[in-house]
Each structure stands twice: as C-alpha cells, then as structure tokens.
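See below for the structure under consideration.
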Amino acid sequence: MKYITSIIALSMMFSASAFAAKQITLEESANYTKLGDLSIQQTGVPTVGHKYISSEVDKKCNELSGLDGKDCFYRIVSASGQESDHKDIHVEIFKK
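Counted the way mature numbering (1 follows the signal peptide of the UniProt record, and there is no 0) counts, the sequence shown spans residues -20 to -1, 1 to 76.
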C-alpha cells in the first residue's frame, strides 16, 4: 500500500509541473504574443526558483488573459542582486 501511495504522490508531483507556465528563449518569444511583465523580489533566505516564478506567471497570466498556466510562457529578462540574500527578477509573459 505504501508503495502505491508513493508512486501516486510522485506522479502527481511531476504532472503538476506539466500544467505550469513554461520558460522560453528570446528567439522563441518572437513567435508568441506578449501579455505583460512581472517583477519578483526576494529578500532573506533564497526562495525564488523556477517553480516559484512559474507559479507567479500562472497567476499573472490568468489575471491578464484568463488563460491556464499550460497556455502561458515566460522569458526571464533580467536577474540582479545576490542569490544568498536579495534578488530582483524581471519576466515577460507570453501566450501562443
């Protein structure tokens, strides 16, 4: 029983990321429609990672266009500061 529960939990973890916004490159962004921009600030313990950025992009994309995360894409324009205690990340949000 524990084995089955572990497999289900693991599969849910990987399938959840399949519905999140995806990062694209500058070249790829030329084929997408820009929806807006997003800035994320981090202070203290490092918490900003791609999962967090993707989650924030999902929220902003839904707010701007009503689209689900699977239909949203983002490109990191800049990241400044030190990863250990402070970081500012600027992101552009796109749809297909």
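Backbone N, C-alpha and C fix where the C-beta goes; we use that ideal spot for every residue, glycine too.
When the Cα atoms are used, what is the spatial distance from residue i to residue j?
i	j	result
Ala(-5)	Leu6	At Ala(-5), the pLDDT of 48 sits below 50, so the modelled position is not reliable; the number obtained from the coordinates is stated separately. Looking at the two C-alpha atoms, the distance is approximately 25 Å.
Glu36	Asn11	22 Å
Lys67	Phe74	23 Å
Lys14	Glu72	7 Å
Gly29	Gln22	10 Å
Gly61	Lys40	23 Å
Residue i by DSSP, collapsed to three states: which one?
i	result
Gly49	helix
Ile56	strand
Lys40	helix
What does the Cβ neighbour count give for residue i, buried or exposed, with the cut at 16 atoms within 10 Å?
i	result
Asp17	exposed
Would you mind working out which of the options sits nearest residue i, comparing C-alpha positions?
i	options	result
Ala(-1)	Ser45, Val71 and Asp51	Asp51
Tyr54	Lys76, Gly46 and Gly61	Lys76
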